[in-house]
Amino acid sequence: MQEIWQALVQAIDLIVSLDSEVIQISLRSLYISAASIVIAALFCVPIGALIHFHDFRGKRAVINVVQTFYSLPTVVVGLLVFLFISRSGPLGGLELLFTPAAIIIGQVILIMPMLTGMTIGALSGVDKTIRDTALSSGASSAQAMRTILFEAKFAVVGVLILGFGRAISEVGAALMLGGNIRGYTRVLTTAISLETQRGDLVLSLALGIILIGIAMVVSVIMNILLQRY
Amino acid sequence: MAFLQTVDLEQRAGSAVLLNKVSLSVEKGEIFAVIGPTGAGKTTLLRLINLLEHPLAGDIYFDGEKITDPSRNAIHVRRRMAMVFQKPAVFNTTVYENVVYPLKVRGSHGKTARTTVYDLLDTIGLGGYAKRKAKTLSGGEAQRVALARAVVTKPDLLLLDEPTANLDPGTVKMIERLVMDFNRERGLTVIMSTHDMQQAQRVAGRVGVLMNGRLVQVGRPGDIFFSPDSARIAGFVGIRNLLKGHIVRSESGIAVVDVNGRDIEAVSALPAGAAVEIFIRPEEVVLSKSASDSSARNNLRCAIRSLSSNGPLCTVIVDCGFPLEVLVTDRSAVELELSQGQEVYASFKASAVRVLPSMQS
Chain A
170 MQEIWQALVQ AIDLIVSLDS EVIQISLRSL YISAASIVIA ALFCVPIGAL
220 IHFHDFRGKR AVINVVQTFY SLPTVVVGLL VFLFISRSGP LGGLELLFTP
270 AAIIIGQVIL IMPMLTGMTI GALSGVDKTI RDTALSSGAS SAQAMRTILF
320 EAKFAVVGVL ILGFGRAISE VGAALMLGGN IRGYTRVLTT AISLETQRGD
370 LVLSLALGII LIGIAMVVSV IMNILLQRY
Chain B
24 MAFLQTVDLE QRAGSAVLLN KVSLSVEKGE IFAVIGPTGA GKTTLLRLIN
74 LLEHPLAGDI YFDGEKITDP SRNAIHVRRR MAMVFQKPAV FNTTVYENVV
124 YPLKVRGSHG KTARTTVYDL LDTIGLGGYA KRKAKTLSGG EAQRVALARA
174 VVTKPDLLLL DEPTANLDPG TVKMIERLVM DFNRERGLTV IMSTHDMQQA
224 QRVAGRVGVL MNGRLVQVGR PGDIFFSPDS ARIAGFVGIR NLLKGHIVRS
274 ESGIAVVDVN GRDIEAVSAL PAGAAVEIFI RPEEVVLSKS ASDSSARNNL
324 RCAIRSLSSN GPLCTVIVDC GFPLEVLVTD RSAVELELSQ GQEVYASFKA
374 SAVRVLPSMQ S
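Line order of the protein sequences matches chains A and B.
For the first sequence, my numbering begins at 170 and goes up steadily by one.
For the second sequence, my numbering begins at 24 and goes up steadily by one.
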């Protein structure tokens, strides 16, 4: 109990005192995960929409496979990407290993199945009559698709927040692909992992609190934006 | 060729037949009602016309063009039509955005669109509602918004799928009036489905009866309500006193029908021996205390089995060897001192009896 209290005080202290390293790590975490979610969303929301709006053979099977990959372990993603971008791998020439870009690649792959599958789920939640109404109002297929996405905006944004949460809180890919290099690829989760191993539990907890704080702020901002539009 | 014509339209869902060779013609500027019980295929028919579904077989012609041609782009056809669905569907945005939607998807934003929408909101009685969230509206208000959204582009054809189902009587009246106004003022052609016979009578110039996916009768509302083509239609349009019998003899257009051992005279050209179903409208039967009171051909002595008053009218069930429902005014029920078990005469003209060949034959 004592440690949690100390951690809380230290977290506040670190934030208020604008501890440069903590701020740097936090911002890096934020931008890496934000980049991951934006890139993943650019692919997954349209793919999810395409799967939802088209009837084809094996659609159910495709959705099942996508859903299975929700539980893709972060270390497995880390390992796979590692094999591709390590010096001897097929993409070794790009020299991506132990860079923020490598972490982003890992996180994008990690959250893609979830984003795709849950976009399908979010769109399925929209009443069929909305699509009929859009089409019968003279909308093109693309316009109708946009209308339905807009109808599902709360659910879709919920999916994005969840994806962001999964990205910012994962440690496996960040550690294996980023290497936890101080000042370059160290993010909140890898820093927590390191400080815990070093025995600085209070600092670890403080960083954890900051991580949750970031997730909360992102969620609140998204919801405020949603209410407005 | 009619403004809208369907030729042998067929649709199935799995093994279930939804529409079976439906051929229908609707003229420009008319209000055509498709009536039929739930599951008769009314919604499917409208969805096919709106090209929201493709028919299994058959064709649809709209303003002289075959629109069921798969190579044609459905959007150009849809943009000349509009449809209101049974369940009021509004987009999760403001009332204004809902109504302006069809204009926006056609690339028309600007001031003209604004004026059109605001004028229309005034017309449908939702003048101050432009900025309201459409989801917060009542069912009736939402359906008015849906109607405004349908007519905002001044379509050539308006499809209404049971637009007033589950709405309160006031809203039903208002929506009916709006539809009739749009039809009259803009020459809008309307095809509406309804299971409410009276609504079809109030609103439509012509009515088509759809039963089990087949268009079984088309005509003016009066034709269908007063001379339905079959006992099934008669039953559906709410005709009481549907009786089975057979013609015992027929002479100069008057047939004598045996119903449970009682002879009933009716106007019919069917031959003797034919199995028939007859129906007698309850309001065309007169009750009196003695047989001599009436000049009608049919005077049946019977006993009153039950009386139930519903406002100004009283439904009397009499036993003539078969049960017969009679509608009398409450006042005459009092004057005749009608009571249960009392013996009376039920009289009705031969022309008040409609004779149809039995469905079994």
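The C-beta atom is built at its ideal place from N, Cα and C for all residues, glycine as well.
Where residue i falls, given that 16 or more other Cβ within 10 Å makes a residue buried
| i | result |
| --- | --- |
| Thr138 of chain B | exposed |
| Leu310 of chain B | buried |
| Lys65 of chain B | buried |
| His221 of chain A | buried |
| Ser186 of chain A | exposed |
| Leu395 of chain A | exposed |
| Met314 of chain A | buried |
| Ser384 of chain B | With a pLDDT of 42 at Ser384 of chain B, under the threshold of 50, the modelled position of that residue is not reliable, and no figure is offered here. |
| Thr135 of chain B | exposed |
| Arg102 of chain B | buried |
| Pro244 of chain B | buried |
| Val235 of chain A | buried |
| Met170 of chain A | exposed |
| Asn206 of chain B | buried |
Where residue i falls: helix, strand or coil (DSSP)
| i | result |
| --- | --- |
| Ile58 of chain B | strand |
| Asn283 of chain B | coil |
| Thr217 of chain B | strand |
| Leu47 of chain B | strand |
| Asn235 of chain B | coil |
| Gln28 of chain B | strand |
| Ile147 of chain B | coil |
| Leu177 of chain A | helix |
| Gly377 of chain A | helix |
| Cys213 of chain A | helix |
| Ser384 of chain B | No answer about Ser384 of chain B holds up, because its pLDDT of 42 lies below 50 and its placement is not dependable. |
| Asp224 of chain A | coil |
| Ser181 of chain B | Before going further, note that residue 181 of chain B is Leu rather than Ser in the sequence given. Here Leu181 of chain B sits in strand by DSSP. |
| Thr67 of chain B | helix |
| Ile340 of chain B | strand |
| Thr243 of chain A | helix |
| Ile350 of chain A | coil |
| Gln392 of chain B | Residue 392 of chain B lies beyond the residue range present for chain B, which begins at 24 and ends at 384; the question has no answer from this structure. |
Supposed close pair residue i, residue j - CB separation, criterion 8 Å
| i | j | result |
| --- | --- | --- |
| Glu172 of chain A | Val371 of chain A | 6 Å |
| Val356 of chain A | Ser205 of chain A | Rounded, the Cβ-Cβ distance is 11 Å, inconsistent with contact. |
| His269 of chain B | Ala289 of chain B | So it is not a contact: roughly 12 Å between Cβ atoms. |
| Ile256 of chain B | Val282 of chain B | About 20 Å separates the two Cβ atoms, so there is no contact after all. |
| Leu233 of chain B | Val202 of chain B | With 8 Å as the limit, Leu233 of chain B and Val202 of chain B do not qualify as a contact, their Cβ atoms being about 19 Å apart. |
| Leu323 of chain B | Ala369 of chain B | 5 Å |
| Gly161 of chain A | Pro269 of chain A | Only positions 170 to 398 of chain A appear in the structure, and residue 161 of chain A is not among them; the question remains open. |
| Val325 of chain A | Leu331 of chain A | At roughly 11 Å, the Cβ-Cβ gap does not stay under 8 Å, so Val325 of chain A and Leu331 of chain A are not in contact. |
| Arg272 of chain A | Ala342 of chain A | Inspection of the sequence shows that residue 272 of chain A is occupied by Ile rather than by Arg. Correct: roughly 6 Å between the Cβ atoms. |
| Ile72 of chain B | Ala227 of chain B | Actually they are not in contact, since the Cβ atoms of Ile72 of chain B and Ala227 of chain B sit about 16 Å apart, beyond 8 Å. |
| Ala336 of chain A | Ser202 of chain A | 4 Å |
| Ile327 of chain B | Val341 of chain B | 5 Å |
Residue span of the beta strand (DSSP E) that contains residue i, given as start and end
| i | result |
| --- | --- |
| Pro269 of chain A | Premise fails: Pro269 of chain A lies in the alpha helix (DSSP H), 269 to 293, not in any beta strand (DSSP E). |
| His269 of chain B | 265 to 274 |
| Ala369 of chain B | 366 to 371 |
| Ile83 of chain B | 80 to 85 |
| Ala227 of chain B | Note, Ala227 of chain B: premise wrong, no beta strand (DSSP E); not H, not E. |
| Val195 of chain B | Here Val195 of chain B belongs to no beta strand (DSSP E); instead the alpha helix (DSSP H) covers 192 to 209. |
| Arg328 of chain B | 321 to 333 |
Terminal residues of the alpha helix (DSSP H) in which residue i lies
| i | result |
| --- | --- |
| Pro380 of chain B | Taken as a continuous stretch (DSSP letters only), Pro380 of chain B belongs to no alpha helix (DSSP H), being part of the beta strand (DSSP E) at 376 to 380. |
| Leu293 of chain B | Neither: Leu293 of chain B is in no alpha helix (DSSP H) and is coded neither H nor E. |
| Ala105 of chain B | Ala105 of chain B -> not in any alpha helix (DSSP H); beta strand (DSSP E) instead, spanning 104 to 107. |
| Leu347 of chain B | Per DSSP, Leu347 of chain B belongs to no alpha helix (DSSP H); it is in the beta strand (DSSP E), 346 to 352. |
| Ala165 of chain B | 162 to 174 |
| Phe319 of chain A | 310 to 320 |
| Ile361 of chain A | 357 to 367 |
| Leu310 of chain B | Element bounds for Leu310 of chain B: not the alpha helix (DSSP H) but the beta strand (DSSP E), 309 to 311. |
| Ile301 of chain B | Note, Ile301 of chain B: premise wrong, no alpha helix (DSSP H); beta strand (DSSP E) at 298 to 303. |
Proximity test, residue i beta-carbon vs the ligand MG heavy atom, cut-off 8 Å
| i | result |
| --- | --- |
| Glu199 of chain B | In the structure on display, the ligand MG does not appear, and there are no ligands present to speak of. |
Chain E contact for residue i (CB, 9 Å cutoff)
| i | result |
| --- | --- |
| Leu180 of chain B | Included in the structure are the protein chains A and B, with no chain E among them. |
- Task: Anything in the stretch 114 to 136 of chain B with a Cβ closer than 7 Å to a Cβ of chain A? List those residues in chain order, please.
- Result: Phe114, Asn115, Tyr124, Pro125, Val128, Arg129
- Message: Along the stretch 212 to 243 of chain A, where does the CB come closer than 8 Å to a CB of chain B? Name the residues.
- Response: none
- Using a Cβ-Cβ cut-off of less than 7 Å, give me the residues of the stretch 95 to 113 of chain B that come near chain A, in sequence order. Ile98, Arg101, Arg102, Ala105, Met106, Phe108, Lys110, Ala112
- Message: Any C-beta of chain B within less than 8 Å: which residues of the stretch 306 to 318 of chain A qualify?
- Response: Under the 8 Å Cβ criterion, the stretch 306 to 318 of chain A contributes Ser306, Gly307, Ala308, Ser309, Gln312, Thr316.
- In chain order, what residues of the stretch 326 to 349 of chain B put their CB closer than 7 Å to some CB of chain A? For chain A, none of the residues of the stretch 326 to 349 of chain B brings a beta carbon within less than 7 Å of one of its beta carbons.
- Item | Chain-ordered residues of the stretch 68 to 93 of chain B with a beta carbon less than 7 Å from chain A | Asn73, Leu75
- Contact set between the stretch 329 to 350 of chain A and chain B, restricted to residues whose Cβ is under 7 Å from the partner: Those residues of the stretch 329 to 350 of chain A that come within reach of chain B (Cβ to Cβ, closer than 7 Å) do not exist; the list is empty.
- Task: Using a Cβ-Cβ cut-off of less than 7 Å, give me the residues of the stretch 161 to 175 of chain B that come near chain A, in sequence order.
- Result: Arg172
- Taking a Cβ distance cut-off of 7 Å, strictly less, list which residues of the stretch 278 to 306 of chain A are near chain B, in chain order. Asp296, Thr298, Ile299, Asp301, Thr302, Leu304, Ser305, Ser306
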